[in-house]
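Below: the structure, in structure tokens.
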Amino acid sequence: VEKMEDEFYSLTIKGNDLKTYVRRFQELAVLCLTMVPNSEKLMEVFIGGLPRSIRGNVNASKP
Numbered sequence: 004v005e006k007m008e009d010e011f012y013s014l015t016i017k018g019n020d021l022k023t024y025v026r027r028f029q030e031l032a033v034l035c036l037t038m039v040p041n042s043e044k045l046m047e048v049f050i051g052g053l054p055r056s057i058r059g060n061v062n063a064s065k066p
């Protein structure tokens with residue numbers, strides 16, 4: 004469980020493979036549901052795994 008939690012919080016996109024990132028993020032989010040207190044934190048973790056160039060645009064849009 005601790006290993007999955009570490010992967011969840013350190014998950015990042017490899018190259019331009021957004022599809023694989025989203026799929027794995029969703030899998031881990033379901034498995035580690037108790038680690039994420041609310042949807043705001045879930046979104047923060049998801050955005051944190053995006054490349055900086057994309058992360059800036061997403062944060063600017065205030066999702």
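Per the working numbering, residue 4 is the first one in the sequence shown, and the count goes up by one each step.
A virtual CB, placed ideally from N, CA and C, is assigned to each residue, including glycine.
All figures in this text were calculated on a predicted structure; none of them were measured in a lab.
Residue i to residue j, Cα distance in whole Å?
{"i": "Val61", "j": "Ile50", "result": "7 Å"}
{"i": "Ser57", "j": "Leu21", "result": "Strictly speaking, residue 57 in this sequence is Ile, with Ser absent from that position. C-alpha separation (whole angstroms): 11 Å."}
{"i": "Leu14", "j": "Met7", "result": "10 Å"}
{"i": "Glu5", "j": "Met38", "result": "10 Å"}
{"i": "Met46", "j": "Asp9", "result": "17 Å"}
Around the C-beta of residue i, are 16 or more other C-beta atoms found within 10 angstroms, so that it is buried, or is it exposed?
{"i": "Leu31", "result": "buried"}
{"i": "Val48", "result": "buried"}
Within the continuous alpha helix (DSSP H) that includes residue i, where are the two ends?
{"i": "Thr23", "result": "Leu21 to Leu34"}
{"i": "Val61", "result": "Arg55 to Ala63"}
{"i": "Leu45", "result": "Ser42 to Gly51"}
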